[in-house]
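Asks: Can you keep this structure in mind? I'll have questions shortly.
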Amino acid sequence: MPPAPPAPPMPRQAPSAGPSLGEWLRAPRPEADPGIWRYGHRPRPPEDPDRLGDRQLLGGAALALVCALLVWSLNYNGYIPPLMWPLDWFTPDSWKGVSGDVDAFIAAAYAYYALLAALLAWGFGKIGHWGEIWRRYVRPRLRGPGGPGGPEGAGGGAGRPAAPAAAPPGGPADPALWPQLRAVGEHATADRLTAEIHGGRMNDVDYVRIDRAWQAVRARYEQLPAFTEAVLDRGAAAFVHPSGDRDLPVRAARHDLLTGQVRLGAAPDEERNPYAYRGARLALEPALLSTSMLVVGPSAAGKTSRVVRPVVESLALQALTGRAAVVAVGTAGAGLGPDEAYDVVIRLGDPGSAHDLDLYGGTDDPDEAAAVLAEAMVGDAPGGPAGPGGAGGFGGEADTRRAATALAQLIGPHRAAHGRFPSVPELRELLDGVPVALAALRQACEAAGDGAALRELDARERQSERPGDPGPLLADRIALLDRPAFAGFFDTGGTGRTGGAPRPFAMRDLAHPLRVRIDLPERGHAEASRLLARLLLAQFTACARDRDERSLFACLVLDDAAHTLTPASVRAVQRLRTANAGVVLALRSLDEVPEPLRAAAVGAVGCRVVLSGVSTWDGEVFAQAWGREWVKTEDVTHNPDFSGGALRRALRGIRALFTGVRATTRSVTVRTVQRERWSASDLAHKVPPGHAVVSLTTVRGEASPPVLARLGE
Numbered sequence: 046m047p048p049a050p051p052a053p054p055m056p057r058q059a060p061s062a063g064p065s066l067g068e069w070l071r072a073p074r075p076e077a078d079p080g081i082w083r084y085g086h087r088p089r090p091p092e093d094p095d096r097l098g099d100r101q102l103l104g105g106a107a108l109a110l111v112c113a114l115l116v117w118s119l120n121y122n123g124y125i126p127p128l129m130w131p132l133d134w135f136t137p138d139s140w141k142g143v144s145g146d147v148d149a150f151i152a153a154a155y156a157y158y159a160l161l162a163a164l165l166a167w168g169f170g171k172i173g174h175w176g177e178i179w180r181r182y183v184r185p186r187l188r189g190p191g192g193p194g195g196p197e198g199a200g201g202g203a204g205r206p207a208a209p210a211a212a213p214p215g216g217p218a219d220p221a222l223w224p225q226l227r228a229v230g231e232h233a234t235a236d237r238l239t240a241e242i243h244g245g246r247m248n249d250v251d252y253v254r255i256d257r258a259w260q261a262v263r264a265r266y267e268q269l270p271a272f273t274e275a276v277l278d279r280g281a282a283a284f285v286h287p288s289g290d291r292d293l294p295v296r297a298a299r300h301d302l303l304t305g306q307v308r309l310g311a312a313p314d315e316e317r318n319p320y321a322y323r324g325a326r327l328a329l330e331p332a333l334l335s336t337s338m339l340v341v342g343p344s345a346a347g348k349t350s351r352v353v354r355p356v357v358e359s360l361a362l363q364a365l366t367g368r369a370a371v372v373a374v375g376t377a378g379a380g381l382g383p384d385e386a387y388d389v390v391i392r393l394g395d396p397g398s399a400h401d402l403d404l405y406g407g408t409d410d411p412d413e414a415a416a417v418l419a420e421a422m423v424g425d426a427p428g429g430p431a432g433p434g435g436a437g438g439f440g441g442e443a444d445t446r447r448a449a450t451a452l453a454q455l456i457g458p459h460r461a462a463h464g465r466f467p468s469v470p471e472l473r474e475l476l477d478g479v480p481v482a483l484a485a486l487r488q489a490c491e492a493a494g495d496g497a498a499l500r501e502l503d504a505r506e507r508q509s510e511r512p513g514d515p516g517p518l519l520a521d522r523i524a525l526l527d528r529p530a531f532a533g534f535f536d537t538g539g540t541g542r543t544g545g546a547p548r549p550f551a552m553r554d555l556a557h558p559l560r561v562r563i564d565l566p567e568r569g570h571a572e573a574s575r576l577l578a579r580l581l582l583a584q585f586t587a588c589a590r591d592r593d594e595r596s597l598f599a600c601l602v603l604d605d606a607a608h609t610l611t612p613a614s615v616r617a618v619q620r621l622r623t624a625n626a627g628v629v630l631a632l633r634s635l636d637e638v639p640e641p642l643r644a645a646a647v648g649a650v651g652c653r654v655v656l657s658g659v660s661t662w663d664g665e666v667f668a669q670a671w672g673r674e675w676v677k678t679e680d681v682t683h684n685p686d687f688s689g690g691a692l693r694r695a696l697r698g699i700r701a702l703f704t705g706v707r708a709t710t711r712s713v714t715v716r717t718v719q720r721e722r723w724s725a726s727d728l729a730h731k732v733p734p735g736h737a738v739v740s741l742t743t744v745r746g747e748a749s750p751p752v753l754a755r756l757g758e
């Protein structure tokens, strides 16, 4: 038997600062509302409408304390004789007087004073709510960071119940002892993994990855011998990711891989936030990202560093556990993580890029490839006169279908004749109607004896002579990619950019737990970058829905989604929920989305993040999406005071003469009205820097109200 390959090196940093892996596994994770960080979370008790405010509670407690001390002082100095009568009634006469038992009398007096002090403390404590002071302020501080519910991220707050009890160390339910394996008799396997945990050779990624492999074995028990052999042979390095990585080079956010959550921020404990979310920490997970997410905020508001980067990092970690695949798209230097955190890094337009992108998404169907290309090329084109000979403008769905037909009439015959799709220069020549290129393609089809391909070419030649033919516009759009900077990219021969390079990455590869980063050449090629972003979005939505293996969560993250949304892509994003996939779209403003699509784009996603600094026009769309709620309002009316006799009226007149303020009466009217949860003005002017208003929805339809959160906590 050949020797086992060496185990991959351990990561250069611990999985998380703070608790050990065993403590992390045993921490409670109770069920919570959508978006709440579950690690160590302590749910709030039911809302008490009679709950006293902090000032009222502290002021009342202080007043009760002063009264209690006053009563004690008056009694101690003999000003309240009735309080001393019980001592005289129950003290034997033999203890009193100079000849009595002085020591017994003094002991009885001290005991009575202690009882009296306890009664005063109990009575005035009830009046001053001293017990609430203890529960709200003192007890949480006595617990400290290591007390019950004290781990960082617990989301604790005043007046909350104790956190659910964690599994006791060494008990039968201790997850660090792998009880799921011991329950089926695999004690040797469990002992090996337990030793890895106690020896510090296993991290959170290893635990979740091996547990996922065990879940697969439970569905197919014939794989149990192979599972046991791999664990006994490699320990914590069993079933490692194909890259050999067991962690990311660096983590910029706090993660809980058992629940798949990444912490986004914390909701301040203030009245504007829903009661259940006050003081809690917010988190994202695949169950939320499956409904897709829209992030809107101006430049430097923190979209990338505080929202997009943590999401990408979380998905990359889950890819290492075999649960997700992620494609992160941004400009060079966007801050989406180091190259070492990815399996594939594509730098379009950079000659030093080791990987390439498949222009057709890895499909073999010419019609599907043509539809995706047409969506990227003309899906955003505005209507109006365009093209020679009075050709009509493009951008509508009918025009997109015409463009897809024109493309299929060329790339279909080319594939039939050459066994591959045309490269970018070849496709540009065919769309431009270059006679030499069309003649060569016709000869190749005739040599292949493909009559259907020849009929497609004949139809293309007839349509190219009609007014409004989409060919010229398509040629202009594909010319954006036929530039010297992209020479050698978008290879269609299946051999990569160079002879020894791997084949181009295609969206079809998302059936595997891949981590992909694509850098777009925004500088100097802005229009080409937008076309490529639309192409990647169209490819992802098409491939994600057609996957045979949907156990992996697939996500496309567009760090700059400006001018990428089209009517077809908005509908496609809505359909991703049933495919265990989602997209994350970051925008500086909704102005980067065509006006007819703004409301549809906001409604198509289930998760919305609005950062500080948005305009009132953008805020109006989100205010309508979040709707209204019933609230109680107080209307205060001040009316002139004409009550009383002549003397009171004269005194009020003299006061008004000197102060200039007329006496008024105050009336309060309480009403229940509908009010916007967050108005456009509030979103534009009342969201502090570093904060965002977040609303989240799960694939099951559970939704959270909009919550104000401090990002990065």
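If you're matching positions, the sequence shown starts at 46 in the numbering used here and goes up one per residue. The beta-carbon is built from N, C-alpha and C at its ideal position, and this holds for glycine as well.
1. From Gly375 to His557, what distance separates their C-alpha atoms?
2. Once you ignore the five residues that flank Met247 on each side, which residues in its own chain have a CB closer than 8 Å to its CB?
3. Bridge partners for Arg560 per DSSP, in chain order?
4. Going by the beta-carbon positions, is the gap between Leu753 and Gly735 smaller than 7 Å?
5. Please go through the same chain and pick out, in chain order, the residues whose beta-carbon is closer than 6 Å to the beta-carbon of Thr678, but skip the five residues on each side of it.
6. From Leu102 to Thr704, what does the alpha carbon distance come to, in whole angstroms?
7. Report the option in Ser749, Ala462, Gln306 and Arg180 whose CA atom is closest to the CA atom of Arg74.
8. State the DSSP-derived secondary structure class of Phe585, mapped to helix, strand or coil.
9. Identify the residues that DSSP records as bridge partners of Ile391: which are they?
10. State the DSSP-derived secondary structure class of Met422, mapped to helix, strand or coil.
11. Whole-angstrom Cβ separation of Arg694 and Ala321, contact assumed at under 8 Å?
12. Rounded to the nearest angstrom, how far is the Cβ of Leu526 from that of Ala573, given a contact under 8 Å?
13. At what residue ranges does the region 571-644 contain a whole run of the alpha helix (DSSP H), taking only runs of 4 or more?
14. Leaving out five residues on either side along the sequence, give the residues of the same chain with a beta carbon under 6 Å from the beta carbon of Trp730.
15. Leaving out five residues before and five after Arg473 in sequence, what residues of the same chain have Cβ atoms less than 8 Å from its Cβ?
16. Please go through the same chain and pick out, in chain order, the residues whose beta-carbon is closer than 8 Å to the beta-carbon of Ser634, but skip the five residues on each side of it.
17. Going by DSSP, what residue range makes up the alpha helix (DSSP H) through Glu501?
18. Under the three-state reduction of DSSP, which class applies to Val738: helix, strand or coil?
19. Using 10 angstroms around the beta-carbon of Thr609, count the other beta-carbons present and answer buried if the total reaches 16, otherwise exposed.
20. Looking at the secondary structure, which residues open and close the beta strand (DSSP E) in which Trp675 lies?
21. Just to confirm the assignment, what range does the beta strand (DSSP E) spanning Gly757 have?
22. Does the count of Cβ pairs from the region 367-383 and the region 559-567 closer than 8 Å reach three?
23. Okay, do the region 167-176 and the region 110-121 touch, 3+ Cβ pairs below 8 Å being the bar?
24. Taking three-plus beta-carbon pairs below 8 Å as touching, is the region 548-555 in contact with the region 503-510?
25. Between Gln584 and the rest of its own chain, which residues show a CB-CB distance below 7 Å, the 5 nearest in sequence each way excluded?
26. Would you say Ile391 and Leu404 are within 7 Å of each other, going by their C-beta atoms?
27. For Ser468, name the three-state secondary structure that DSSP assigns.
28. Can you tell me the Cα-Cα spacing of Thr742 and Val654, whole angstroms?
29. For Glu721, does the three-state DSSP call read helix, strand or coil?
30. Per DSSP, which one or two residues make a beta bridge with His300?
31. To which residues does DSSP link Thr714 through a beta bridge?
32. Which of the three DSSP states is assigned to Val229 in this structure?
33. Of the residues Pro470, Leu576 and Ala448, which one's Cα is nearest the Cα of Asp536?
34. For Asp338, which residues does DSSP report across the bridge?
35. Pull the bridge partners of Arg326 from the DSSP assignment, please.
36. Using 8 Å for Cβ pairs, my map puts Asp680 next to Thr710. What's the rounded Cβ distance?
Replies: Looking at the coordinates:
1. 22 Å
2. Within its own chain, the residues whose Cβ lies closer than 8 Å to the Cβ of Met247, once the five positions on either side in sequence are excluded, are Leu66, Leu238, Glu241, Gly280 and Ala281, listed in chain order.
3. Val371
4. no
5. Closer than 6 Å at Cβ, skipping near neighbours: Arg716 and Val718.
6. 36 Å
7. Gln306
8. Three-state DSSP puts Phe585 in a helix.
9. DSSP lists Ile563 as partners of Ile391.
10. Here Met422 carries a helix assignment [DSSP, helix/strand/coil].
11. That belief does not hold up - the Cβ atoms of Arg694 and Ala321 are roughly 53 Å apart, past 8 Å.
12. In this structure, Leu526 and Ala573 form a Cβ contact; the two beta carbons are roughly 6 Å apart against a cut-off of 8 Å.
13. 571-590 and 612-619
14. One point to set straight first is that residue 730 is His, not Trp, in the sequence displayed. Cβ within range, chain order: n/a, list empty.
15. Ala520, Ile523, Ala524 and Asp527
16. Excluding positions up to five away in sequence, the list reads Val341, Pro343, Val659, Ser660 and Asp663.
17. Gly496 to Ser509
18. strand
19. buried
20. Arg673 to Pro685
21. Here Gly757 belongs to no beta strand (DSSP E), and DSSP marks it neither H nor E.
22. Result yes; three or more Cβ-Cβ pairs closer than 8 Å.
23. In short, these stretches touch, since the Cβ pair count reaches three.
24. No, they do not touch.
25. Gly406, Val417 and Met552
26. no
27. coil
28. If you draw a straight line from the Cα of Thr742 to the Cα of Val654, it comes to about 12 Å.
29. strand
30. Val307
31. Asp680
32. coil
33. Pro470
34. The sequence as given places Met at residue 338; Asp does not occur at that position. In DSSP, Met338 forms a bridge with Val629 and Cys652.
35. According to DSSP, Arg326 bridges with Ala311.
36. Incorrect: roughly 14 Å between the Cβ atoms, too far for contact.
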